[in-house]
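Take a look at the structure set out below.
Residue numbers (this note's numbering): 72 to 237.
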């Protein structure tokens, strides 16, 4: 659910402008944060992460799961591939190009620091270097089925051998 105090249209407009949307209070308290995040977003694209948008909220919504809803709506309303929504007590990341598993793996370091720029850099690094999104699930399924078939044949042969010897 999107909290009433969140203006999605304004946030989407800010993201379309320079890929960073900043809460007024946070922007006043940390005047270089927006510029630093814009540089980080630019670096992410240079690392083949894809387009990245970062939203910094002044307050953490209750429940914090609303952060994911905000991120998803902004992903839907913009042409950005991945959206991070940061708040003082939590964060959410959604993407059209990165797997949920690789985002979850990278999100740990994002949440482990209060430095929003560093956290964003760590997320980008972890997702781009993660092998989680590159797992060949089809091939893994085939090998799993082959292994299961071998086990079934061995068990069947063992049962048959015991039945004959009795």
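We put the beta carbon where it would ideally sit given N, CA and C, even for glycine. What you are looking at is a predicted structure, and each value in this text was computed from that prediction instead of being measured.
Decide if residue 100 is buried, meaning its Cβ has at least 16 other Cβ atoms within 10 Å, or exposed. exposed
Determine the DSSP secondary structure at residue 111, reduced to helix, strand or coil. Reduced to three states, the DSSP call for residue 111 is helix.
Would you check if there are 3 or more beta carbon pairs closer than 8 Å linking the region 101–113 to the region 180–194? yes
In the DSSP output, which residue or residues are listed as bridge partners for residue 72? By DSSP's assignment, residue 72 forms no beta bridge with any residue.
Going by the beta-carbon positions, is the gap between residue 91 and residue 108 smaller than 8 Å? yes
Mind checking residue 162: buried by the 16 CB within 10 Å criterion, or exposed? buried
Excluding the 5 residues preceding and the 5 following residue 239 in the sequence, name in chain order all residues of the same chain whose CB lies nearer than 7 Å to its CB. Lying before the first or after the last residue shown, residue 239 is absent from the chain, which here runs from 72 to 237.
Strand pairing of residue 126, partner residues [DSSP]: 92, 156
Does DSSP put residue 222 in a helix, a strand or coil? Here residue 222 sits in helix by DSSP.
In the structure shown, what three-state DSSP assignment does residue 133 receive? coil
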